[in-house]
Amino acid sequence: MLGTVLVVLVVLGAVFAGLLAPDPIAMAPIDRFLTPSMDHLLGTDNLGRDLFARVLFGGRIALVVSLGSTAASLLLGVAAGLVAGYGPRWLDNLLLLIFDALKSFPTVMLALALVTLLGPSEWAVVLVVIIANAPSYARMARTQTMSLRHAQFVEAERSLGAGAGRIIASHILPNIVGPILIVASMDIPVVIAIEAGMSFLGLGVRPPTPSWGTILESGFEYIQDSAWAVIAGGLPIIITTLGFTFLGEALRDTFDPKLVTGPR
Amino acid sequence: MLTYAAKRSGLALAVVMVVMALLFAMIYLIPGDPARVALGPRASQALIDELRSRMGLDKPVWIQILDFYRSVLTGNLGNDVLSGESVLRIITGQMPYTLELIFGSMVWSILVGIPLGCLSAMRRGSLVDRVTAVLSVSVIAVPAFVIAVYLLLIFAIALQWFPAIGAGDDPLDQAYHLVLPSVALGLGWVGYIARMLRASILEVQGENHVRTARAFGLAEGKIVFDYVLRIAILPTLTVLGIGIGQLLSSAVFAEIVFARPGIGKLVYDAIITRNYPIVTGTVLVTTVFFVLVNLVADLMIAWLDPRVRRGLNR
Amino acid sequence: MSAPALAIEHLSVDYATAAGPLHALRDVGIEIGAGEIVGLVGESGCGKSTLIQAVLRLLSPNARITAGRMALAGVDLMGLDPEAMRKLRGDRISVVFQDPMTALNPVLTIGRQMVDIQYRRREPRAAKRRRAVEMLKRVHIPDPESRFDQYPHEFSGGMRQRIAIAMALMAEPALFIADEPTTALDATLEVATIELLKALQREIGCAILFVSHHLGVVAELCDRVNVMYAGEVVESGPVRPVFQRPQHPYTQRLLACDPARVRERTRHLPTIPGDLPDLVSLPPGCVFADRCPQVFEPCRRAPPPAVKTAELEALRCYLAKPSP
Chain A
1 MLGTVLVVLV
11 VLGAVFAGLL
21 APDPIAMAPI
31 DRFLTPSMDH
41 LLGTDNLGRD
51 LFARVLFGGR
61 IALVVSLGST
71 AASLLLGVAA
81 GLVAGYGPRW
91 LDNLLLLIFD
101 ALKSFPTVML
111 ALALVTLLGP
121 SEWAVVLVVI
131 IANAPSYARM
141 ARTQTMSLRH
151 AQFVEAERSL
161 GAGAGRIIAS
171 HILPNIVGPI
181 LIVASMDIPV
191 VIAIEAGMSF
201 LGLGVRPPTP
211 SWGTILESGF
221 EYIQDSAWAV
231 IAGGLPIIIT
241 TLGFTFLGEA
251 LRDTFDPKLV
261 TGPR
Chain B
265 MLTYAAKRSG
275 LALAVVMVVM
285 ALLFAMIYLI
295 PGDPARVALG
305 PRASQALIDE
315 LRSRMGLDKP
325 VWIQILDFYR
335 SVLTGNLGND
345 VLSGESVLRI
355 ITGQMPYTLE
365 LIFGSMVWSI
375 LVGIPLGCLS
385 AMRRGSLVDR
395 VTAVLSVSVI
405 AVPAFVIAVY
415 LLLIFAIALQ
425 WFPAIGAGDD
435 PLDQAYHLVL
445 PSVALGLGWV
455 GYIARMLRAS
465 ILEVQGENHV
475 RTARAFGLAE
485 GKIVFDYVLR
495 IAILPTLTVL
505 GIGIGQLLSS
515 AVFAEIVFAR
525 PGIGKLVYDA
535 IITRNYPIVT
545 GTVLVTTVFF
555 VLVNLVADLM
565 IAWLDPRVRR
575 GLNR
Chain C
579 MSAPALAIEH
589 LSVDYATAAG
599 PLHALRDVGI
609 EIGAGEIVGL
619 VGESGCGKST
629 LIQAVLRLLS
639 PNARITAGRM
649 ALAGVDLMGL
659 DPEAMRKLRG
669 DRISVVFQDP
679 MTALNPVLTI
689 GRQMVDIQYR
699 RREPRAAKRR
709 RAVEMLKRVH
719 IPDPESRFDQ
729 YPHEFSGGMR
739 QRIAIAMALM
749 AEPALFIADE
759 PTTALDATLE
769 VATIELLKAL
779 QREIGCAILF
789 VSHHLGVVAE
799 LCDRVNVMYA
809 GEVVESGPVR
819 PVFQRPQHPY
829 TQRLLACDPA
839 RVRERTRHLP
849 TIPGDLPDLV
859 SLPPGCVFAD
869 RCPQVFEPCR
879 RAPPPAVKTA
889 ELEALRCYLA
899 KPSP
């Protein structure tokens, strides 16, 4: 309940950012570190930019990147899992080994390594999310596929001449999608945290584009001068991750109460 | 037990090999010419070519892979571009600070989380239980680095109760410097551990073997330890293995926020200065560390729960 | 004459529920003499489990004994403090539960568990180990010396049940409660387990409370039997009269419905029409009145008292002809 409210708030803020707030990139060095006022609801940062605007526009980045990369990792993960589960044994073993290896990289190290390769950008974030999350979805898909592969009704279809593609598409896929979607929705707070974290380290979104991570980072840099940037940067992250977490928990409680997830 | 240990170790080894392969792929794909980067923009082509051949960059790919494996396995992770020191030595020099942070966080969250979980399970529905439940869900959600920055803001800068920078000198000072970072990292885990333990305890308590143990008049204390906790703790142990890897990631943030020495700071600076050997070396070392920790956790679980030894359930 | 192994008189147990107190057991009386084998039969929900938990004093927190007395080999169970009761469990009274697959702790060896329950004895570990191995031999576990250090999941269901029986009888209790010990086993295993129980009982001389809904097994094993319905003992007596000339309409229907008794091929197995009564708001009269084919006028006015007849010890029915 609370989760839905928070999430809706964030989404609305992001969508209507243009209407609700002034230009997030406009600098006014004279107005550095202003405390909140009617002109600047959350004050200004070290370059005089309006923090409220930056937070709202940052919301766009957070939502787009998170939802986009989650979708991408779902697609790739499930596809890989289907192949592993339905294909020949050697392919399965190889893929499993690759999944395990990919999951062994601590997320930050993965981020650092990829950014070394590609340079910082939103795409680096997307790639990190995919590599961090897709293996889990792949494993789930694989396990489900393997158990369904030999189910009676699938054997029946096979004996009627149905090819692998048809079996996967109409029988296996609909059955595995549900639980994986629930896990994915519970991962959204993690993904948001990854985006914010990478931007905080300067590995994600590049300035002057506002991202909650970069707001927090510049606030941190000038923490002795003004606390408002730190508050402005951290608060939306907290609200959004809490919101999506409560929402995810509610979803899970409705559909599958046994899952418990951990901290980031 | 031994067969299981052998199989599981073999698996870990295979994973490490694949990790190294992936890293090599990454190195190979770094845009730009490492030799040119090392020698600077004014170097002549001839000099660059010579360095390339000395660095082995002109050999075919598959020889480069083999060279890579050979050097890593003999402990040679290359040399720091700036200082020429052995990368391995630099990393092992900085590891202790990071390990101190990781284990400090894990230890305090276990010390608080386990009793909290037991208490919540034994006193279901009480104030302790409900408060723990709400707090743990909330704190788990928020990323550790945000908590770290806020803790810094409130306790180090505003209230000035704790130091904001560095790792400290003598052990007592070090502990003092560890407080804020390890609280930031461990806070989420306390709630998670408590919640997991509570769920497993409640599940095991209702099970038949606990009922049988009671029917045989075994002392409550013995029942709690050998019949309930010993089984209920297993899912929590699984989680701890993964937790160390997570903590490693969070530790990087904590080191940057609290300006502490350690792997995080090392690799962060290395990226800015394009000190690639350090980056790849650190990634390799930390990943192998993670694989090892998981291996140890799995072996411990197999030792405690004989049912696991039956098969490597994948 | 030695004190009866178990003497329960007028036992009543209530569970506290949101809808009010649920009267799970009402005025239950059971007596088991030393060395006797007594059966307890009844369908699910009749109160068998509650009765066992009550005797062991392991009722759930929301249950209360509202009336009655229980004595184990002369010792008043209601008067004992929890510590004293705990000392009795596994020593003078022991239980084997229905599901052998989950009754043993999966992460400890069976040997360790068998030594653990001997904690009352002040003996060196080696002696306890020997006693346990001896017991395993008596229940025909092959190669007990080496299997002692194996885990429960390395044994089959039938063997696990035998291990549970070994554990229960190791201390040579005064009363051994077998709660549906063969329900989860297939027919051949059931026969073997019953034979084992008979043999062990002869050697040890303990009394057995045998709870089951396999009427044939009860008939073969037990000296006397109690029939329970919805929290009451409705008929009780020696096994032959109860099973061959049942007096209570419920017992008659129960026996008629026993699938083992069905002689001809039929599409519909006989059942007793109707449902169990609501134990929170009980009907004013006999608890079986709504389903009884022989119900008549006094049945709905007040619950029938337990009456002694020529052949039976107790019969709760207005049709009873009390013995002079």
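Protein chains in written order, with the numbering used here: chain A, 1 to 264; chain B, 265 to 578; chain C, 579 to 902.
Using N, Cα and C, we set each Cβ at its ideal position, and we do this for glycine too.
The alpha helix (DSSP H) enclosing residue i, as first and last residue numbers
{"i": "C:E768", "result": "765 to 782"}
{"i": "A:F255", "result": "228 to 255"}
{"i": "C:Y896", "result": "No alpha helix (DSSP H) contains C:Y896, which DSSP labels as neither H nor E."}
{"i": "C:I630", "result": "626 to 634"}
{"i": "C:I610", "result": "Per DSSP, C:I610 belongs to no alpha helix (DSSP H); it is in the beta strand (DSSP E), 598 to 610."}
Residue i at chain C interface by Cβ criterion, 7 Å
{"i": "B:D393", "result": "no"}
{"i": "B:A479", "result": "yes"}
{"i": "B:Y491", "result": "yes"}
{"i": "B:P499", "result": "no"}
Start-to-end residues for the beta strand (DSSP E) that takes in residue i
{"i": "A:E157", "result": "Unbroken run through A:E157 is the alpha helix (DSSP H), 152 to 159; no beta strand (DSSP E)."}
{"i": "B:R272", "result": "From DSSP, B:R272 is part of no beta strand (DSSP E) but of the alpha helix (DSSP H) over 266 to 293."}
{"i": "C:R642", "result": "641 to 650"}
{"i": "C:N804", "result": "802 to 807"}
{"i": "C:P816", "result": "810 to 816"}
{"i": "C:G617", "result": "615 to 619"}
Rounded Cβ spacing between residue i and residue j (contact assumed at less than 8 Å)
{"i": "B:L383", "j": "B:V392", "result": "6 Å"}
{"i": "C:S980", "j": "C:T644", "result": "This structure cannot speak to residue 980 of chain C, because chain C is shown only from 579 to 902."}
{"i": "B:L352", "j": "B:L341", "result": "5 Å"}
{"i": "A:G85", "j": "A:A141", "result": "7 Å"}
{"i": "C:P678", "j": "C:R738", "result": "4 Å"}
{"i": "B:V413", "j": "A:L2", "result": "24 Å between Cβ atoms; not a contact."}
{"i": "C:T766", "j": "C:V795", "result": "That pair is no contact at about 13 Å."}
Any C-beta of chain A under 7 Å from that of residue i
{"i": "B:P525", "result": "no"}
{"i": "B:L563", "result": "no"}
{"i": "B:G509", "result": "yes"}
{"i": "B:S446", "result": "no"}
{"i": "B:L576", "result": "A caution first: B:L576 carries a pLDDT of 46, below 50, which makes its placement in the model too unreliable to give a value."}
{"i": "B:M359", "result": "no"}
Residue i: CB within 6 Å of a non-hydrogen atom of the ligand MN
{"i": "B:A534", "result": "The ligand MN is not part of the structure shown, which contains no ligands of any sort."}
Spatial neighbours of residue i in its chain, beta-carbon cut-off 7 Å, leaving aside the 5 residues before and after
{"i": "C:P819", "result": "E889, L890"}
{"i": "A:F99", "result": "P135, A138, R139"}
{"i": "B:I565", "result": "L498, L501, T502, V572"}
{"i": "C:G863", "result": "C877, R878, R879, A880, P881"}
{"i": "B:I457", "result": "S373, I374, G377, I378, G381, T500"}
{"i": "A:V7", "result": "G243, F244, L247"}
Classification of residue i by the beta-carbon crowding that lies within 10 angstroms, buried from 16 upward
{"i": "C:K626", "result": "buried"}
{"i": "A:T4", "result": "exposed"}
{"i": "A:D50", "result": "buried"}
{"i": "B:I536", "result": "exposed"}
{"i": "A:V103", "result": "What sits at residue 103 of chain A in the sequence shown is Lys, not Val. Buried, since its Cβ has 16 or more Cβ neighbours within 10 Å."}
{"i": "C:E701", "result": "exposed"}
{"i": "C:P751", "result": "buried"}
{"i": "B:Y292", "result": "exposed"}
{"i": "B:I327", "result": "exposed"}
{"i": "C:A777", "result": "exposed"}
{"i": "A:H269", "result": "As displayed, chain A neither begins before 1 nor continues past 264, which places residue 269 of chain A out of reach and without an answer."}
{"i": "B:Y440", "result": "exposed"}
{"i": "C:A585", "result": "buried"}
Residues near residue i by beta carbon distance below 8 Å, same chain, minus five either side
{"i": "B:I329", "result": "A285, F288"}
{"i": "B:R388", "result": "L466"}
{"i": "A:R166", "result": "E157"}
{"i": "A:E221", "result": "N46"}
Close beta carbons around residue i, own chain, < 6 Å, minus the five adjacent residues each side
{"i": "A:D239", "result": "Here residue 239 of chain A is Ile; the residue named in the question, Asp, does not match the sequence. Once the five neighbours on either side are set aside, the close Cβ partners of A:I239 are L6."}
{"i": "A:G77", "result": "A134, Y137, A138"}
{"i": "C:F870", "result": "In the sequence as presented, Phe is not what sits at residue 870 of chain C; that position holds Cys. If we look at C:C870 and ignore the five residues flanking it on each side, its Cβ neighbours are P827."}
Closer than 7 Å to chain B by CB, residue i
{"i": "C:L634", "result": "yes"}
{"i": "C:G591", "result": "According to the sequence provided, residue 591 of chain C is Val. The question's Gly does not apply to it. No, C:V591 does not count as interfacial toward chain B."}
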